[in-house]
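A.B. asks: Residue numbers (our numbering): 72 to 219. Each residue gets a CB set at the ideal place from its N, CA and C atoms; glycine is no exception. Since this is a predicted model, take the numbers as computed values, not measurements. Shown below is the structure under consideration.
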């Protein structure tokens with residue numbers, strides 16, 4: 072990845088499929104990865120040159136009834152005040168012209184539209200992890216189809 076960052080992807084073998092709109096699910100993952108990149112750049116600007124890892128993991132959860140997707144970074148992290156407002160529309164920590172504050176609000180709305188939920192854990196200087204839980208596609212609907 073540009074800038075000396077590394078993205079690691081781990082998908083559990085035999086992980087079930089989720090029901091959803093492929094473009095919206097792509098938008099969710101891209102928004103979270105872009106935020107992770109920005110957090111890493113902020114950490115580097117603050118002197119943590121070793122920052123540069125993004126991990127995307129997908130696996131089973133909820134006794135097989137859901138798929139858990141997490142996006143974690145070793146970037147600047149968020150303090151409690153920022154964490155409390157992270158999903159608010161128009162809230163941003165980015166400079167003027169660098170962000171609209173709609174990314175995480177949109178991510179949460181799309182996750183909920185898919186019947187899922189999202190949570191976040193973060194500590195300043197230690198990075199951030201977003202965890203999404205999405206319902207598994209019913210077995211009778213799991214026949215291969217485009218966009219799932």
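Do you know offhand how far residue 121's Cα is from residue 196's?
C.D. replies: Approximately 12 Å between the Cα atoms of the pair.
A.B. asks: Measure the beta-carbon distance from residue 187 to residue 203 and round it to whole angstroms, keeping in mind my assumption that it falls under 8 Å.
C.D. replies: At roughly 6 Å, the Cβ-Cβ gap stays under 8 Å, so residue 187 and residue 203 are in contact.
A.B. asks: Suppose contacts are defined by Cβ-Cβ distances below 8 Å. Is residue 142 in contact with residue 82 by that definition?
C.D. replies: No; because the gap between Cβ atoms is not below 8 Å, this pair is not in contact.
A.B. asks: Is the CB-CB distance between residue 110 and residue 144 below 8 Å?
C.D. replies: Going by C-beta atoms, residue 110 is nearer than 8 Å to residue 144.
A.B. asks: Indicate whether the contact test is met: 3 or more Cβ pairs, each with one atom in the stretch 74-81 and one in the stretch 171-185, closer than 8 Å.
C.D. replies: At 8 Å Cβ cutoff, the stretches do not touch.
A.B. asks: If we ignore side chains and look at the alpha-carbon of each, how far apart do residue 113 and residue 146 end up?
C.D. replies: About 7 Å.
A.B. asks: Applying the 10 Å Cβ sphere with the 16-neighbour rule, what's the burial state of residue 194?
C.D. replies: So residue 194 ends up on the exposed side.
A.B. asks: Please say whether residue 207 and residue 91 have beta carbons closer to each other than 8 Å?
C.D. replies: Their beta carbons are not under 8 Å apart, which means residue 91 does not touch residue 207 by this criterion.
A.B. asks: Give the DSSP bridge partners of residue 89, in chain order.
C.D. replies: DSSP, once it has assigned bridges, lists 207 as partnering residue 89.
A.B. asks: Provide the residue(s) that pair with residue 130 in DSSP beta bridges, ordered along the chain.
C.D. replies: Residue 130 is bridged to 139.
A.B. asks: Given that a residue counts as buried once 16 or more other Cβ atoms are within 10 Å of its Cβ, and exposed if not, what is residue 161?
C.D. replies: Answer is exposed; the Cβ neighbour count stays below 16.
A.B. asks: Indicate the three-state DSSP secondary structure (helix, strand or coil) for residue 219 in the structure shown.
C.D. replies: Note that residue 219 scores a pLDDT of 47, beneath 50, so its modelled location is shaky; the value from the coordinates is reported in the next line. It is coil, neither helix nor strand.
A.B. asks: Please report the straight-line C-alpha distance between residue 87 and residue 140, rounded to a whole angstrom.
C.D. replies: When rounded, the distance between both Cα atoms is 12 Å.
A.B. asks: Taking the C-alpha atoms as reference points, what is the distance between residue 127 and residue 100?
C.D. replies: Rounded to whole angstroms, residue 127 to residue 100 spans 9 Å at the Cα level.
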